[in-house]
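Undergrad: The sequence shown maps to residues 2 to 60 in our numbering. Backbone N, C-alpha and C define an ideal beta-carbon position, used for all residues, glycine too.
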Amino acid sequence: MTGVSKKKTINPFSKKDLMWLAKEWKLKVSEIKDLLGVTGSSQIEVLENHLRKTGLWNK
2 MTGVSKKKTI
12 NPFSKKDLMW
22 LAKEWKLKVS
32 EIKDLLGVTG
42 SSQIEVLENH
52 LRKTGLWNK
């Protein structure tokens, strides 16, 4: 993903990380939390892949 920090994972309990990712992906924090629950992963690459496959992310 272009323009994103070199982070490989986020802390799902960190409000700062959730807000950063929501802003970066132009999603709501609640959507990020749902995504974390669905994928069961906090790895950014896994989250991106799920968004692309479901068509929820069009970057």
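Quick one: Cα of D18 to Cα of K34, how far?
TA: So the alpha carbons of these two residues sit roughly 11 Å apart.
Undergrad: Can you check DSSP and say which residues form a bridge with T10?
TA: Answer is Q44, bridged to T10.
Undergrad: Grab me the residues of T3's own chain with a C-beta within less than 6 Å of its C-beta, minus the 5 sequence neighbours each way, in chain order.
TA: Its pLDDT being 44, under 50, T3 is placed unreliably in this model, and the value from its coordinates should be taken loosely. Nothing meets the Cβ criterion.
Undergrad: Would you check if the distance between the CB atom of L28 and the CB atom of H51 is smaller than 9 Å?
TA: Cβ atoms of L28 and H51: not closer than 9 Å.
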